[in-house]
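K.L.:
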Amino acid sequence: MTTQIQAAIRERIKDGTLHPGVRLPSSRNLAGDLGVSRSVVVQAYEQLVAGGYLRSTQGSGTRVATHLPHTDRGAAEPARRAEARYDLRVDATSSALFPSREWLRAYEFVGQSIGGAGPWRYPLGVPELREELAAYLGRSRGVLTTAADVAVTADFDHTVDVVFRVLHDLGVDHIAVESPGAPWQVRIAERAGLRVSGIPVDDEGIDVDALARSGARAVLVTPVSQVPTGAVLSPGRREALLRWAADVDGWVIEYDRDGHLWFGVGSGPLALQRHRPERVIYVGTTGAMFGPCIGLGWVAAPAVVAERLGRTPLGVPDPLTQLTFAHFISSGMLDQHIREIRTVLRARRAALRDAVEKHLPGARMTGEPTGIHAYIQLPQGVDDVRLAALARAKSVLVHPGRHFQFGRRSPSSGVVLGYGAVRRSLLPEAVGLLARAMGQVTGKPVT
């Protein structure tokens, strides 16, 4: 038995199953697993240590020797280095936004309170989280819904893909999106088999008259802090959009990306959904509030849509994550966290505005003070695509305005600067480097 155990461990080291430095089970545990006496395993370990395959250190256990060559069979590629020092892309976020201590506290609470066989899996998400989301969205965003019509989902792309496919099943074959707008929305719609029209956006939001002329029966809008312009849908346009949905027997998909991150006067506009819950499909995610650490989203939908969502794979996170988020909401930790990140992001936006005014003469920040990005309108004639390329060479990542345009090209140029992943103290330096790149584009170097 000792010889067999030695041979098995040597083979696992040679074929790469056991990596250098990995800790092996204690002799007592391995003996119990194999059903042999502990002395058999002790002898095997001692002989492998003598042969240089293992190393044994008091207090650290028995590990595979680190000097052994590690096979690269099936090895993953080395982790990529960061593409740039300053990531100012529109959806860039940082794990620094994640409330790790509070989340662990909620996770521990849930782990101690589950008991029994643990939570069941539910197609639309665990009931506890759906209840908490319905209540939270009602009091914070004015959403009119119940737990029965709330579905828990994964990230934004998967959520919208599922909604598009449900609408296709309901007879929708033509959808409108904002232009300029996020190009990935177009790709998701086309994958779902939908024809896509881009509808112009101005300072008041989407042009509803142009939407009516398009012939589409569904539209995806971002009423608060539109991507990329930062426009907020005006009260007149909100009313017109909801009238359009009723007139054409259509659907509005409301992506409330930044509604909880309002920095302006008052509490900001509430959800569109509250005025036409039978016509509006409300979508949200944790992206802007948690960064990239937790992929979790939700849909508050009319019953006809919610019923179909229950028969569609939603990529629902594991039950423990859902229950943890439910406790995070019910305990008040989410409200506290949002207050804190509002303070952080408000300060970052102010620092960005000051840096733009100082370093980018002739440029203008547009949109309302909210969310995690700002649109910077550049002086006429500046090639924003070339500017973004030159900025990248200086270790600054930005999206040019043209990146968001489809159909006809926008007559003005600009860049979209996200501040979700860059600390306040670093924003002036990042914008200063962007200014140097603009000097190269315009032929007027920054001194």
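As numbered in this note's numbering, residues 829 to 1275 make up the sequence shown, in order. C-beta: ideal position from N, C-alpha, C; glycine also.
Cutting at 6 Å between CB atoms, please list the residues of its own chain near Tyr1130, excluding the five before and the five after it.
P.N.:
The sequence given here places Pro at residue 1130; Tyr does not occur at that position. Contacts found: Glu1106.
K.L.:
Using CA coordinates, which residue listed in Tyr1203, Asp1163, Leu1162 and Arg1170 is at the minimum distance from Leu1180?
P.N.:
The candidate whose alpha carbon is nearest that of Leu1180 is Tyr1203.
K.L.:
How long is the line joining the alpha carbons of Leu1215 and Val1076, rounded to whole angstroms?
P.N.:
Cα to Cα, Leu1215 sits roughly 42 Å from Val1076.
K.L.:
Is it the case that the Cβ atoms of Ala979 and Leu952 are separated by a distance below 8 Å?
P.N.:
Result yes, Cβ atoms of Ala979 and Leu952 sit closer than 8 Å.
K.L.:
Using CA atoms only, rank isn't needed, just tell me which of Leu846, Leu1061 and Asp915 is closest to Asp1030.
P.N.:
Measuring from the Cα of Asp1030, the nearest candidate turns out to be Leu1061.
K.L.:
With a 10 Å radius around its C-beta and 16 neighbouring C-beta atoms as the bar for buried, classify Met1266 as buried or exposed.
P.N.:
Met1266 should be labelled buried.
K.L.:
Name the residue from Val1224, Asp989, Gln1205 and His1103 whose alpha carbon lies nearest to the alpha carbon of Gly1280.
P.N.:
The displayed coordinates of the chain run from 829 to 1275. Any statement about residue 1280 would go beyond what the structure contains.
K.L.:
Assuming Phe937 and His1155 make a contact with CB atoms under 8 Å, what is their CB distance in whole Å?
P.N.:
Contact holds; Cβ gap of about 6 Å.
K.L.:
Note the first and the last residue of the continuous alpha helix (DSSP H) segment covering Thr1194.
P.N.:
Unbroken run through Thr1194 is the beta strand (DSSP E), Arg1192 to Thr1194; no alpha helix (DSSP H).
K.L.:
DSSP on Asp915, reduced to helix/strand/coil?
P.N.:
Note: Asp915 maps to strand in three-state DSSP.
K.L.:
Please report the distance separating the alpha-carbon of Ile833 from that of Gly939.
P.N.:
Taking the straight line from one Cα to the other gives about 37 Å.
K.L.:
Could you tell me the boundaries of the alpha helix (DSSP H) in which Asp1163 lies?
P.N.:
That run of the alpha helix (DSSP H) goes Met1161 to His1187.
K.L.:
Regarding Arg1023 and the ligand COA, is the C-beta to nearest heavy atom distance less than 7 Å?
P.N.:
Among the ligands in the structure shown, none appear at all, so the ligand COA cannot be discussed.
K.L.:
Along the chain, where does the beta strand (DSSP E) that runs through Trp1079 open and close?
P.N.:
That run of the beta strand (DSSP E) goes Trp1079 to Tyr1083.
K.L.:
List, from N- to C-terminal side, the beta strand (DSSP E) runs of 3 residues or more that fit wholly inside the segment 1201 to 1260.
P.N.:
Taking only runs of at least 3 residues, the beta strand (DSSP E) segments lying wholly in the segment 1201 to 1260 are 1201 to 1205 and 1242 to 1246.
K.L.:
Report the rounded CA-to-CA distance for Glu1185 versus Ala1191, giving the unit in angstroms.
P.N.:
C-alpha separation (whole angstroms): 7 Å.
K.L.:
Considering only the beta carbon of each residue, do Ser1159 and Ala934 sit closer than 8 Å?
P.N.:
For Ser1159 and Ala934, yes; Cβs fall inside 8 Å.
K.L.:
Would you mind stating whether Asp1086 and Thr1198 have Cβ atoms separated by less than 8 Å?
P.N.:
Yes, they are a contact pair.
K.L.:
Could you name each continuous beta strand (DSSP E) segment of 3 residues or more that falls completely within the segment 1052 to 1138, going from the start of the chain to the end?
P.N.:
Qualifying beta strand (DSSP E) stretches, in chain order: 1079 to 1083, 1108 to 1113 and 1125 to 1128.
K.L.:
Alpha helix (DSSP H) containing Asp997: first to last residue?
P.N.:
Residues Phe984 to Asp997.
K.L.:
Return the Cβ separation of Arg851 and Arg866 in integer angstroms, given the expectation that the two are a contact with Cβ distance under 8 Å.
P.N.:
Not quite, the Cβ-Cβ distance comes to about 18 Å (not below 8 Å), so this is no contact.
K.L.:
Which one or two residues does DSSP pair with Arg1023 in a beta bridge?
P.N.:
According to DSSP, Arg1023 bridges with His1002.
K.L.:
Would you mind stating whether Gly1125 and Ile1200 have Cβ atoms separated by less than 8 Å?
P.N.:
No, Cβ-Cβ distance for Gly1125 and Ile1200 is not below 8 Å.
K.L.:
Grab me the residues of Ala903's own chain with a C-beta within less than 6 Å of its C-beta, minus the 5 sequence neighbours each way, in chain order.
P.N.:
Because the pLDDT at Ala903 is just 41, under 50, the model does not fix this residue reliably, and the value given afterwards should be weighed accordingly. Hits under 6 Å: none found.
K.L.:
Quick check on His895: buried or exposed, where buried means 16 or more other Cβ atoms within 10 Å of its Cβ?
P.N.:
With fewer than 16 other Cβ atoms within 10 Å, it is exposed.
K.L.:
Kindly indicate which three-state DSSP category Gly1043 falls into: helix, strand or coil?
P.N.:
Gly1043 falls in the coil class under three-state DSSP.
K.L.:
Can Phe1232 and Pro1063 be called in contact, C-beta distance under 8 Å?
P.N.:
Not a contact, by the Cβ cut-off of 8 Å.
K.L.:
What does the alpha-carbon distance come out to for the pair Pro1056 and Arg1041?
P.N.:
Those two C-alpha atoms are separated by around 23 Å.
K.L.:
Terminal residues of the continuous alpha helix (DSSP H) containing Ala836?
P.N.:
Ala836 -> alpha helix (DSSP H) spans Thr830 to Lys842.
K.L.:
Using a 10 Å radius around the Cβ and a threshold of 16 neighbouring Cβ atoms, would you call Thr1171 buried or exposed?
P.N.:
The residue in question, Thr1171, is exposed, as its Cβ has fewer than 16 Cβ neighbours within 10 Å.
K.L.:
Helix, strand or coil for Gly889, going by three-state DSSP, please let me know.
P.N.:
If DSSP states are grouped into helix, strand and coil, Gly889 belongs with the strands.
K.L.:
Secondary structure at Asp900, three-state DSSP: helix, strand or coil?
P.N.:
With a pLDDT of 47 at Asp900, under the threshold of 50, the predicted position of this residue should be treated as unreliable, though the coordinate-derived value follows. Coil.
K.L.:
Would Ala1059 be called buried (16 or more neighbouring beta carbons within 10 Å of its own) or exposed?
P.N.:
Ala1059 is buried by the Cβ-count criterion.
K.L.:
Report buried or exposed for Pro1141, applying the criterion of at least 16 other Cβ atoms within 10 angstroms of its Cβ.
P.N.:
Exposed: under 16 other Cβ atoms inside 10 Å.
K.L.:
Check whether the Cβ atoms of Gly1246 and Asp919 sit closer than 8 Å, and answer yes or no.
P.N.:
Yes, the pair counts as a contact, with Cβ atoms nearer than the cut-off.
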